[in-house]
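Structure first, then comments.
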Amino acid sequence: MLSVMEWPAQSPDLNPIELLWEQLDRMVRKKCPSSQSNLWQIHKLCDRVASSTLLEDRRDAVRALKSLSKKYRMEVGTQAMDHLINILQTDRSDSEILGYALDTLYNILCNDEEEEQDESEDAVTPISASGKHKNVSMPDENAQKQSDDLGAQFTEQFVQDPEHVTLLLTLLEEFDFHVRWPGVKLLTTLLKNQGVQVQGIILVSPMGVSRLMDLLADSREVIRNDGLLLLQQLTKSNAAIQKIVAFENAFERLLDIITEEGSSDGGIVVEDCLLLLLNLLKNNSSNQNFFKEGSYIQRMKPWFEIGDDNSGWSAQKVTNLHLMLQLVRVMVSPVNSPGATSSCQKSMYQCGLLQQLCTILMATGVPADILTETINTVSEVIRGSQVNQDYFASVNAPSNPPRPAIVVLLMSMVNERQPFVLRCAVLYCFQCFLYKNQKGQGEIVATLLPSTIDANSISAGQLLCGGLFSVDSLSNWCAAVALAHSLQDNLTQKEQLLRVQLATSLGKPPVSLLQQCTNILSQGSKVQTRVGLLMLLCTWINNCPIAVTHFLHNQENVPFLTAQISENLGEDERLVQGLCALLLGICIYYNDNSLENNTKDKLKQLIEKRIGKENFVEKLGFITKHELYSRAAQKPQPVFLSPEQMLFDHEFTKLVKELEGVITKAVHKSNEEEKKEEEVKKTLEQHDNIVTRYKELIREQDTQIQELKEQVGSMSSQSEQMQTTVTQQLSQIQQHKDQYNILKLKLGKDSQPNSQGEGSQVNGLQTEELTQLREEVEELCKQRALLQTQLGDKDTLKSSLTSETAESSAGGSDDTEMLKELEGLRSRVQSQLAEINQMKSERQELLRRAEAGSSEAVSSSDGAVDAAKMAEVESRLAAQTTEMERLKGEAQSLSESRAELDQQLAAATSTVAILQTEKAKLQSEVQDSKKEQDDLLMLLADQDQKIHSLKQKLKDLGETVDDEDDLDCRDQTDEDYEDEDED
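Throughout the sequence shown, residue numbering follows the numbering used here, covering 630 to 1612 in sequence.
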């Protein structure tokens, strides 16, 4: 037996059983080699974990396994993994043993070198057989690879049963720090080693993602920060999980954390939040839309608020701001759908984010990589958005005098001392500014025209020309591509650029920009320069017959191109040969046959004789077969590893793809086929013109029909109002009928008086009732006159509506029905007027009978009085009738004068339209004459130059040539002699 004195004195806190195990381990180490001793110790610990009934024994054994798991990873993983998983399932009531088990599993599965190198307080230092400490060195690449393979194997073994991952998700609900934190680290390791498989298990697990999202709300920063790392691994390349995380309010929580940590001035936690946001938004249109609709773009603006003092940018701040700029670019990336990108660009302008980015762009003291990324970000925020492009054009740099931001950026692009990535970013910004921006293209080209050049200031056009003819090949290429984007899909600017004249040297006539480009091309400069110039020329003359004519007008261009294509050059020159073939093919396809020596047929015959059609097509295919062509065709941003790789532009690759097949067909076509195609094109154009005219006619008729429908609707409402008025009049007429009947009865009864007093009373009653009756009749007359006036207006409106409807060929059945309804309404009004007239005649009859009865019933004196009153009433009625007739006449004369005025107005309107048409024709003719004059001036300049050169050659040969100045002097002398003779 062992005595107590033999127990180790340095372990007073261990219980007797643990001390006994340690003593046995010491005895085994003395008798066995080191490796066998470790295996035996791990085996015994696994037996203790599996067989011990006391929780304390199992806890101590798991803690010992944890200490050995870092140094003896394979042994512990092979023997103890199943026992540790069983501990997680059975001993969930004890948080301490759970923490030990999770830490042990994490040490087994983790491949991180730093984590494996760290040692905790319980770590066991291996001792060699000689008793000295081992010299633990950093693992080399092979050791690291073996470690990675080992972690992947153990991870695969762990996730074979999905219940293990589900168990781990359940343990994360424990609030105890010693359980939750190692659980988060273990799950992160599982996702690193077997991401796809673990993501699938978590996705189908009930509330699996929600449990992980709760980690962001943990008050302990360690768990929250490791939870961010876990969610980063969870959301990698899985759109379904990304959507679930986003709808679990992840954006709100992450933005709150970024704000709490100090935004761009924050630490590594801000970086982790930004990386998680990038995972959620990149290539996920649903989350991008949710981010925009949730007004989270507005919360990004404070990130880019920088102070006046920009010195002292820490490395972490540079990293954070770089990720923030990438986050903005994700929202407006060209690979997103156009609608979503446009909506985000609009939001960024409205909330002031674009303005804030431009402030950083023009600020001083900003690190170079942040400035480069800011330029790229601004480029994609303004790309294709007219409002944003206009704002960017108005931004000025804080210099004296102020200069546009575009000019300042172009100065950096053509400066060979600037960093290469910065020059690429400026070129991309210029391309995005001109993308679908014809207004901006016109402004750039206008700075090259003679009428707009300002000698006191530097313009964009001057910088581009300077870069185009610089000794630096990269500046040549960038300037050529920038000019090509100024002409992209803009026929007007292609024609305007033909007017640009360059002064090459003193004493020599100016040369056109097109001619200067071909001159540099023929001088045999660097490949990069020639490629840039050829791309510019191809873009310039594409779909522009006038530019093709100007290019072919120089007799040296076609022989130069054919010579370049026909030669057998090296690999570096193949691309130049392909571009020359493309340029010559464009000259054939867009040739309008205006030059007799360079028609389509003659150019094709030249290719067949000197190059060969098959050889020409083969050289044309060199462009798309180049290794850098496919790289440039992938995305608009120019990304190159070195300046020598800058050969292709993204928009130019699309042009090549569009023209390659067309040019191949054009070269192989015969004259008869071309004539047939031209006839078909003319027929199609005529057909399109006819269809266009009919469409315009249909649009006009639709507009007229819509206006007529509106008029019919207004007339319907007015008709309803008139119908309501007529109904009211009918009720009033019925009331008057009843009153007339009552009056008749009263007159019948009172026609037989018994006495003089009774007769006076009856006469007094009749007089009052007659007065009331006359007043009502007068009111009826007024209402009748008003109705007649309204009816006359409606008749006039109906007649005009009928004439307009007759002129329109597509009036529709609805207008006919409405007209029928109006006719019925008019007939009803006429019937009602007839009824009113009938009532008026009855009233006259009643008055006549009343006068007859009153003359018989009263005395002569009373009868005289009544007769006088009746005469007065009748005179008033006659006067009113006369007045009504006069008003009717005036209304008729007014309607006639109104009709005459309408006719005069229509005649004046037609005259104005004719004058406007003539004015537009005259303006177009003036523009055409201006263009023709410019072309003639250019041709005359070329002729003068040729005549001058021929005279010089004749003088060199010894021939006497009379100059125009000498002839003018002689003419003047002869005129003087003639004047003297006359005197």
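Note that the Cβ used here is the ideal one computed from N, Cα and C, for glycine as well.
Close Cβ partners of residue i (< 8 Å) along its chain, the five nearest in sequence each way excluded
| i | result |
| --- | --- |
| GLY1199 | none |
| LEU1249 | GLY1207, ALA1210, LEU1211, GLY1214, GLU1289, ILE1292, THR1293 |
| SER1489 | Unreliable placement is indicated for SER1489, whose pLDDT of 40 sits below 50; the coordinate value is still reported in the next sentence. Contacts found: none. |
| LYS761 | Summary for LYS761: the model assigns pLDDT 33, below 50, so the residue's position carries little reliability; its value from the coordinates is reported in the next sentence. Nothing meets the Cβ criterion. |
Boundaries (first-last residue) of the alpha helix (DSSP H) holding residue i
| i | result |
| --- | --- |
| TRP810 | 806-822 |
| LYS1238 | 1229-1239 |
| VAL1296 | 1279-1297 |
| TRP1106 | 1102-1115 |
| HIS712 | 702-719 |
| PRO1188 | 1186-1195 |
| THR988 | 982-991 |
| GLU685 | 684-698 |
Per-residue DSSP class, three states only, for residue i
| i | result |
| --- | --- |
| ALA1132 | coil |
| ALA875 | helix |
| VAL788 | coil |
| PHE1059 | helix |
| ALA944 | helix |
| ALA758 | Note on ALA758: pLDDT 29, under 50, position unreliable in the model; the coordinate value appears next. Residue state, collapsed to three classes: coil. |
| ARG1203 | helix |
| ASN1066 | coil |
| ASN1171 | coil |
| SER1384 | Any answer about SER1384 is weak, because its pLDDT of 41 lies below 50 and its placement is not dependable; what the coordinates show is given next. If DSSP states are grouped into helix, strand and coil, SER1384 belongs with coil. |
| ASN912 | coil |
| SER1141 | strand |
| ALA1026 | strand |
| ASP1557 | helix |
| PRO1031 | coil |
| LEU1078 | coil |
| ASP847 | coil |
| ASN740 | coil |
| HIS1255 | coil |
| MET1040 | helix |
| GLN1152 | coil |
Residue environment, residue i, which counts as buried when at least 16 other CB atoms sit within 10 Å
| i | result |
| --- | --- |
| GLN1157 | buried |
| TYR1323 | exposed |
| ALA1536 | exposed |
| HIS1297 | exposed |
| ALA869 | exposed |
| ARG1052 | buried |
| PHE1277 | buried |
| ASP855 | buried |
| LYS1584 | exposed |
| VAL1129 | buried |
| LEU1627 | For the chain, the structure presents residues 630 to 1612; residue 1627 sits outside this window and is missing. |
| MET1197 | Checking the sequence shown, residue 1197 turns out to be Asn, not Met. ASN1197 is exposed by the Cβ-count criterion. |
| MET836 | exposed |
| ASN1466 | exposed |
| LEU950 | buried |
| LEU1534 | exposed |
Same chain, Cβ closer than 7 Å to residue i, five either side skipped, listed in chain order
| i | result |
| --- | --- |
| LEU674 | ALA690, ALA693, LEU694 |
| LEU906 | LEU883, LEU956 |
| PHE1189 | SER1151 |
| ASN1183 | GLN1144, THR1147 |
Contacting residues, own chain, Cβ-Cβ under 6 Å from residue i (five flanking each side not counted)
| i | result |
| --- | --- |
| GLN1315 | none |
| LYS872 | SER915 |
Inset, instruction - For the segment 1085-1099 and the segment 1303-1314, state whether three or more C-beta atom pairs, one from each stretch, are separated by less than 8 Å. - result: no
Legend entry - contact_flag[the segment 1160-1175, the segment 1276-1289] where n(CB pairs < 8 Å) is 3 or more: yes
Inset, instruction - Decide if the segment 1217-1225 is in contact with the segment 1258-1272; the criterion is three or more beta carbon pairs, one per stretch, under 8 Å apart. - result: no
Legend entry - contact_flag[the segment 1132-1141, the segment 1102-1114] where n(CB pairs < 8 Å) is 3 or more: Touching, no, given that fewer than three Cβ pairs across the two stretches are closer than 8 Å.
Inset, instruction - Would you be able to state if there are at least three C-beta pairs under 8 Å between the segment 1169-1185 and the segment 1109-1127? - result: yes
Inset, instruction - Please confirm if the segment 798-810 is in contact with the segment 723-739, defined as three or more CB-CB distances below 8 Å between the two stretches. - result: Contact holds: three or more Cβ-Cβ distances are below 8 Å.
Inset, instruction - Evaluate contact between the segment 966-984 and the segment 1001-1019, counting only Cβ atoms and requiring at least three cross-stretch pairs below 8 Å. - result: yes
Legend entry - Cβ pair count under 8 Å reaching 3, the segment 1239-1257 against the segment 1022-1041: Because the criterion of three Cβ pairs below 8 Å is not met, the segment 1239-1257 and the segment 1022-1041 do not touch.
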